[in-house]
Amino acid sequence: MAIQNPPPWGPYGAPPPSIPAKDLRPRRLWYVVAALLGVVLAGVGGVLLVTAAKDAIDSVDTAHSFAGGESATYRFVQGETKAVYVSQAGRGHVECRLPGMRSGAMTRPDSTFRITAGGRTWERVFEVNPGSTGDYALTCTAQRPAEFALGDTPEVGATIGGIAAGIGCFVAALAATVTIVVVTAVRRGRHRRRLAAASA
Numbered sequence: 766m767a768i769q770n771p772p773p774w775g776p777y778g779a780p781p782p783s784i785p786a787k788d789l790r791p792r793r794l795w796y797v798v799a800a801l802l803g804v805v806l807a808g809v810g811g812v813l814l815v816t817a818a819k820d821a822i823d824s825v826d827t828a829h830s831f832a833g834g835e836s837a838t839y840r841f842v843q844g845e846t847k848a849v850y851v852s853q854a855g856r857g858h859v860e861c862r863l864p865g866m867r868s869g870a871m872t873r874p875d876s877t878f879r880i881t882a883g884g885r886t887w888e889r890v891f892e893v894n895p896g897s898t899g900d901y902a903l904t905c906t907a908q909r910p911a912e913f914a915l916g917d918t919p920e921v922g923a924t925i926g927g928i929a930a931g932i933g934c935f936v937a938a939l940a941a942t943v944t945i946v947v948v949t950a951v952r953r954g955r956h957r958r959r960l961a962a963a964s965a
């Protein structure tokens, strides 16, 4: 009576054939592409955010500020609108004068703009549209202890656009990385099953 040895793979059938990873498509190179693309987009987003913040901070000439009740002389150029900023503890009424400049050159802005630089918060309180080029003494007073500085008018649209673009790059980095990784993994899984079925 012949004795038959049972198959080595047990009662559930032979295991699926082993498929070398290098034979699968798409190649694993796409995982590297996903990582590099995510890093690049995130880097661009970071640069855009830093640039937008730096441009806003640099718009205030804090290096040439002066205390309330004092005055400072600045160079004004016809056609270039400047802004007067104040940094004070709390809210208080402020007044500024530019003797010798045409009447109506200094106006209060319609909107509020604040920026924090060097641990101080600066608020735009006046805008100056000089009618002629020259040096003028700016004098400002405040109800509270305050510092004043001259700067550029804020480019709110450009700042918001830079911040939005930076955030968009971070979102795009995450979306692109996840999409490429998932699609690559799914397609490689399908290709593995097709190769296994063909080898069975």
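Position in the sequence shown (from 1) plus 765 gives the number in my numbering. Where is the CB? At the ideal position from N, CA and C, for every residue including glycine.
Taking 8 Å as the upper bound for CB-CB distance, L814 and G931 are in contact here, some 4 Å apart. Note on Q908: under 16 other CB atoms within 10 angstroms of its CB, so exposed under the neighbour-count rule. Excluding five sequence positions before and after V946, the CB atoms of its chain that fall closer than 7 Å to its own CB belong to Y796 and A799, given in chain order. S830 is positioned such that its CB atom lies closer than 8 Å to that of E912. Straight-line measurement puts the Cα of S852 at about 17 Å from the Cα of R862. Going by C-alpha positions, P895 is about 43 Å away from L806. When only Cα atoms are considered, D900 and Q843 end up about 11 Å apart. The straight-line gap separating the alpha-carbon atoms of F841 and T898 is approximately 5 Å. DSSP, read as helix, strand or coil, puts V851 in strand. Given a length threshold of 3 residues, each whole run of the beta strand (DSSP E) inside the segment 895-956 is given here in chain order: 899-907 and 911-917. Per DSSP, the continuous alpha helix (DSSP H) segment holding T816 begins and ends at L794 to D823. According to the DSSP assignment, E835 belongs to no beta strand (DSSP E), since it is labelled neither H nor E. Sorting A962, I784, G811 and I880 by C-alpha distance to the C-alpha of G933 places G811 at the top.
Counting only the Cα atoms, G803 lies some 19 Å from G927.
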